[in-house]
Structure formats: C-alpha cells, structure tokens
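In the working numbering, the protein residues as written are 4 to 77. Even glycine gets a Cβ: it sits at the ideal position worked out from N, Cα and C.
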Ligand SMILES: [Zn+2]
C-alpha cells in the first residue's frame with residue numbers, strides 16, 4: 004500500500020459547480036456544464052516518492068495527452 008501512495012495516479016470525477024481548475028493539457032478552464040455532465044481527470048502527481056501537485060484535465064484532453072499518469076480510475 005505504501006508504494007502505491009507514492010506513485011502518481013489519476014481519477015475520473017464529475018466537474019463540480021464553481022470549479023476554477025485549469026486544464027494542464029490545453030490550459031482552458033475546466034468548467035461545470037449542467038447539460039453535458041462534464042467530467043475531468045484529477046491527477047495527484049508524485050516525484051521521487053513525494054507529492055508535488057494536483058493537475059486537472061478535461062476528460063478528452065487526458066486521452067490526448069496519452070494518459071500521462073496512467074489510466075484514470077472511476
Ligand atoms: Zn483541456
């Protein structure tokens with residue numbers, strides 16, 4: 004378990020109303036949109052076993068970036 008916690012990983016989540024995240028791939032805002040149930044990928048990025056930052060991606064942008072932190076988990 005300890006090993007897993009020190010590796011970068013990504014999860015797929017709904018975009019919440021009021022989100023002010025910026026996509027790490029296209030640099031556009033990741034905005035809540037009620038009509039199309041937008042989803043985002045949230046990645047916890049670790050380097051040398053230490054957490055460095057959270058990155059947000061549009062779901063489609065994460066795929067375009069070729070899953071940089073592994074396949075996102077639901
Ligand atoms: Zn994007």
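I'd like to confirm something about residue 14: is its beta-carbon nearer than 8 Å to some heavy atom of ligand 1, or not? no
Does the beta carbon of residue 63 fall short of 8 Å from some heavy atom of ligand 1? yes
Where residue 29 sits in the DSSP three-state scheme: coil
Assess contact between the segment 14 to 33 and the segment 49 to 69, defined as three or more Cβ pairs (one per stretch) separated by less than 8 Å. Is contact present? Yes, the segment 14 to 33 is in contact with the segment 49 to 69.
Go ahead and pull the three-state DSSP assignment for residue 37. helix
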